[in-house]
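Chemist: Below you will find the structure I want to go over with you.
2 protein chains.
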Amino acid sequence: MLVPEIKIEKAATILKLLGDKTRLTMIKMLDSHDYCVCEFVEIFKVSQPAISQHLRKLKDVGLVRETRKGQWIIYSLNKGSDDFLFVQNLIDHLPNQDFKLQELEEQGLRISCE
Amino acid sequence: MLVPEIKIEKAATILKLLGDKTRLTMIKMLDSHDYCVCEFVEIFKVSQPAISQHLRKLKDVGLVRETRKGQWIIYSLNKGSDDFLFVQNLIDHLPNQDFKLQELEEQGLRISCE
DNA sequence: ATATTATATAAGCAATTGATTATATGATAG
DNA sequence: CTATCATATAATCAATTGCTTATATAATAT
């Protein structure tokens, strides 16, 4: 056994969650650094509730954590998750999404939650 | 870049497909050896059309191949797929499912397509 | 040819999903 | 205390999903 095992049911649950372009991109983005909800809203061009609902699903399975910072809530990868390695190995195959952050900065929207 | 990259969209499509317990188990099983449709029907306790539909989805994204062998159709992993490494790395985290084959053999159902 | 077996496709349906709008909660600023 | 800003939750809805049954296709056996 080369890698720690994850139960099929749990793996299917995680993969179903990541089988959505928005959530998969979020997770890849969070691999580089943390983001607040309002930044995701700008980036994905969907409503704030839609973003909150995606983040809630990711939080419910333990893939992300939230930290309040004043009026903002910052989301980060939960690297302590039992299944983190599974997810990490997976997102290592995906192209870096830092250009999204750059786009945000060019629009002056990054500063909003600092 | 440590591993070949896969586009976010393609990755999400594959992960959505594998985010189903039946299909994820099928792919893991096929990592050990090939199966015919009728064996999957016995193993998963769902209708034959349900199995055919799962296999069709896996075939449509290129993860499996089919080979006719008389009246049976044998499915196998498509190791030539561009995304095979992505899938392989993923299923390496899953527990072996060979016990399902053993159950089949104990019921005398394995021999049916030989 | 006809019957049988294996598989695929079509149609229908209940459950789930991902979005929206409306509203509630919670923190900060005046 | 009240207004504002950030986020979460609730309600709703159209689209998608995964199953079923019915039927079609394709190969084998008699």
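Protein chains in written order, with this note's numbering: chain A, 2 to 115; chain B, 2 to 115. Positions of the beta carbon are idealized from the N, C-alpha and C atoms, including for glycine.
(1) Which one or two residues does DSSP pair with I74(B) in a beta bridge?
(2) In angstroms with no decimal places, state the Cα-to-Cα distance between S48(A) and T14(B).
(3) Going along chain A, which residues have a C-beta under 8 Å from K101(B)?
(4) Run through chain A and tell me which residues come within less than 7 Å of N79(B), C-beta to C-beta.
(5) For S33(B) versus D99(B), is the C-beta distance shorter than 8 Å?
(6) Can you name the start and end residues of the alpha helix (DSSP H) that L102(B) belongs to?
(7) Q108(A) to L86(A), Cα distance in whole Å?
(8) Measure the C-alpha to C-alpha separation of K22(A) and L78(A) and round it to an integer number of angstroms.
(9) Tell me, which residues are paired with C37(A) by DSSP?
(10) Is there a Cβ from chain A that is less than 8 Å from the Cβ of V4(B)?
Modeler: In terms of the structure at hand:
(1) Working through the second sequence from its first residue, we reach residue 74(B) at position 73. I74(B) pairs with R69(B).
(2) Numbered from 1 along the first sequence, position 47 holds the residue referred to as residue 48(A). Numbered from 1 along the second sequence, position 13 holds the residue referred to as residue 14(B). In this structure, the CA atom of S48(A) is about 23 Å from the CA atom of T14(B).
(3) Taking the first residue of the second sequence as position 1, residue 101(B) is located at position 100. Correct list: empty, because the minimum Cβ distance to chain A is about 11 Å.
(4) In the second sequence, counting from the first residue as 1, residue 79(B) sits at position 78. Residues of chain A passing the Cβ test: none, with the nearest at roughly 17 Å.
(5) As a first step, residue 33(B) is located in the second sequence; it is residue number 32 there, counting from the start. As a first step, residue 99(B) is located in the second sequence; it is residue number 98 there, counting from the start. If you check the CB distance, S33(B) and D99(B) come in under 8 Å.
(6) Residue mapping note: residue 102(B) aligns to position 101 of the second sequence, counting from 1. Start and end: 99-107.
(7) In the first sequence, counting from the first residue as 1, residue 108(A) sits at position 107. In the first sequence, counting from the first residue as 1, residue 86(A) sits at position 85. Going from the Cα of Q108(A) to the Cα of L86(A) covers about 34 Å.
(8) Here residue 22(A) is taken as the residue at index 21 of the first sequence, counted from 1. Here residue 78(A) is taken as the residue at index 77 of the first sequence, counted from 1. About 17 Å.
(9) Along the first sequence, one-based indexing puts residue 37(A) at 36. For C37(A), which the question treats as bridged, DSSP gives the partners I75(A).
(10) Numbered from its first residue, the second sequence carries residue 4(B) at position 3. With 8 Å as the cut-off, V4(B) counts as an interface residue toward chain A.
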